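Reviewing the structure listed below.
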Amino acid sequence: MSTPSETSAPSLDIVILGALGDLSLRKLMPSLYMAHLHESLSPSTRIIGVSRQLLQTTEFINFIDQKSRAFIPELNFQEASWQSFLHRLSYLSMDLSQEPAYSPLKGMCQNTQECVIYLATAPHLFAQICSHLASVGLNHAGTKIVLEKPLGHNLLSAQFINDQVAKYYQEAQIYRIDHYLGKETVQNLMVLRFANAIFEPLWRAPYIRSVQITVAESLGVGSRAGFYNSTGALRDMVQNHLLQLLCMVAMEAPISLDPDDIRDEKVRVLRSLRKMSLYDVKRDTVRGQYTAGITNGQLANGYLEEAQVPADSQTETFVALRTFIDNARWANVPFFLRTGKCLQKRQSEIVVEFSSLPFSIFPQSQQINTNRLVFGLQPQEYIHLEMVTKDPGTGMHLHPVKLSLDLLSTSTKRRAEAYERLLIDVIKGRLTHFMRRDELEQAWAWVDPILAGWQALNDRPRLYPAGTWGPPASSALMAREGLTWYEES
Ligand code: BG6
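In terms of the working numbering, the sequence shown opens at residue 574 and continues consecutively.
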């Protein structure tokens, strides 16, 4: 007998193409397990893993059992629930480049009303996969496809992929994932900005002096060097994650919560980003590459010593840059973006620094810098507003305080991981936190001149020891404007 949720929810298959890959093992399976544990998947939902390797379903289940378990936080792991999750899995071995191989997949999904197909494969296969899926009808109205980044390596290749995919799928069926949009603090940014009256009048030039966005990682490229070496930090992180964060900070209030209204505003920001001339690239960007050092208390290889990295690689593992948004709200407010591997610690933050008072009645010795609103994305999630208050006592001494604006200390509600949140969005058909085609292409249109500039300037990456905050030129970029990166202040 079927349960109530089974009868009300349409039947659903989740197909993961590339099911034996890193993304599937580390992120997708654990996130689907969490969704299962918290009853966000209807009982009849099946998860079909697809890969080229010849495996029986039982072997696939054993493999997932061995590999993905480790990526589920111990606190959330329940053996019985994990076992019932594994029961949802089945496996299909197929060569994704061969059209006839798609018939069995069609056969498996044909009695299901809805189908989410996650392309966790190399992006150069996307066009071909979509064409083959369509040839067996797996592009019907109940189908949604999820495309992992990187979508292309420049504007032209991104347009090509988008054109090809659009031959078979409507834009509303396409979920271009950027997992940073699934992070709690990032989603909270919109609420904080648009549900509170006090920030809006100050959220602009000249009241904001600068915005910093840092996504720092303490690990190196590890086993992904093959992919990473032809990608680099600008394409891997800035083109997508950091620009998405910038959009969330800088966008105007959308006219509604409709996904297209929100995405329209993000596109406007991307269109207003100042395109860099060769001179800007030289002055306002810093490329870095890590050398051997110590991270997380351990000796770390330099990038050139990593397996699969050519000894003369010029790929950047670090980028810092300054940019401007040429519109009325943000005129002349510098936005500093920074990301890198093998940095001192894993730390992702957005720091909105407000301008100082034009005149202060307090003696200079007492002046405590500025007001800042800081959004911590990871490893800790927090939002705090830095203010100045009076030190209790008889004198008039100033004291900096951090006003916590997040619910971490007061709410015991579970915080879903980004992929879980976004997978549930896909299942429910919520497009808000996915990139629309024009958004993605606009981001590439801004990145391309930087890539071309580096090439024209023959800009070799500046070296930085693993475990530091990147090349000194990154601090110099800030110092030029009398600013410092947040952790240095
Ligand atoms: C991915 C990049 O998109 O994001 C990786 O390809 C990077 O290189 C990862 O390590 C960082 O994600 P998170 O959520 O761990 O900050």
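For each residue, glycine too, the CB sits at the ideal point set by N, CA and C.
In this text the structure is predicted, and so the values were computed from the model without any measurement.
Check: K717 in three-state terms, based on DSSP; Outcome: strand
Check: Residues bridged to D833 (per DSSP); Outcome: D833 pairs with nothing; no bridge assigned.
Check: Proximity test, M1008 beta-carbon vs the ligand SAM heavy atom, cut-off 7 Å; Outcome: For the ligand SAM, the structure offers nothing, since it holds only the ligand BG6.
Check: Distance CB(Q917)-CB(P1034) smaller than 8 Å; Outcome: no
Check: Own chain partners of V840 with C-beta closer than 7 Å, once the 5 adjacent residues on each side are dropped; Outcome: D1011, E1012, Q1015
Check: Complete beta strand (DSSP E) runs within the segment 905-972 (minimum length 3 residues, chain order); Outcome: 908-913, 920-927, 945-951, 955-963
Check: Three-state secondary structure (DSSP) of E687; Outcome: strand
Check: Neighbour-count burial assignment, S796, 16 or more Cβ in a 10 Å radius; Outcome: exposed
Check: Beta-bridge pairing of G805 - partner residues as DSSP gives them; Outcome: Looking at the DSSP assignment, G805 forms no beta bridge with any residue, so it has no partner.
Check: Nearest neighbour of F1007, chosen from T890, L976, M821, E647 [CA to CA]; Outcome: M821
Check: Inter-residue spacing [alpha-carbon to alpha-carbon] between G861 and I867; Outcome: 17 Å
Check: Between the CA atoms of G793 and L1036 - distance to the nearest angstrom; Outcome: 14 Å
Check: DSSP state of T576 mapped onto helix, strand, coil; Outcome: Low per-residue confidence applies at T576: pLDDT is 47, beneath 50, and the placement is therefore not dependable, though the value from the model is reported in the following sentence. T576 falls in the coil class under three-state DSSP.
Check: C-beta contact flag for Q588 and C703 at 8 Å; Outcome: In the sequence as displayed, the identity of residue 588 is Val instead of Gln. No, these two residues do not count as a Cβ contact at 8 Å.
Check: Completely contained beta strand (DSSP E) runs for the segment 820-904, where each covers 3 or more residues; Outcome: 858-864, 866-868, 871-873, 891-896
Check: V788 CB to nearest heavy atom of the ligand BG6 below 7 Å; Outcome: yes
Check: Exposure label - G870; buried when at least 16 CB within 10 Å; Outcome: exposed
Check: Local Cβ density within 10 Å of R856, reported as buried at 16 or more and exposed below that; Outcome: exposed
Check: A1063 to G966 span [Cα, whole Å]; Outcome: The chain is shown from 574 up to 1062; residue 1063 falls before or after that span and cannot be answered.
Check: Which listed residue (G591, G594, L590, S615) has its alpha carbon closest to that of I1000; Outcome: S615
Check: Sufficient close CB pairs (3 or more, under 8 Å) joining the segment 609-629 to the segment 588-598; Outcome: yes
Check: D964 Cβ short of 7 Å to the ligand BG6 heavy atom set; Outcome: no
Check: P603 - partner residues in DSSP beta bridges; Outcome: Beta-bridge pairing links P603 to no other residue.
Check: Sequence ranges, alpha helix (DSSP H) only - wholly within the segment 623-705, length at least 4; Outcome: 630-641, 652-659, 675-682
Check: Any non-hydrogen atom of the ligand BG6 within 7 Å of M810 CB; Outcome: yes
Check: Outcome for V764 when other beta-carbon atoms lying within 10 angstroms are tallied against a minimum of 16; Outcome: exposed
Check: Distance cut-off 7 Å: Q626 Cβ against heavy atoms of the ligand BG6; Outcome: no
Check: K722: CB within 7 Å of a non-hydrogen atom of the ligand BG6; Outcome: yes
Check: Exposure of V925, with buried meaning 16 or more beta-carbon neighbours within 10 Å; Outcome: buried
Check: Best match in Y801, Y1059, G1055, I898 for proximity to W1042 [C-alpha to C-alpha]; Outcome: Y1059
Check: Sub-8 Å separation of Y741 and V719 beta-carbons; Outcome: no
Check: Buried or exposed (CB count within 10 angstroms, at least 16 for buried), Q1028; Outcome: exposed
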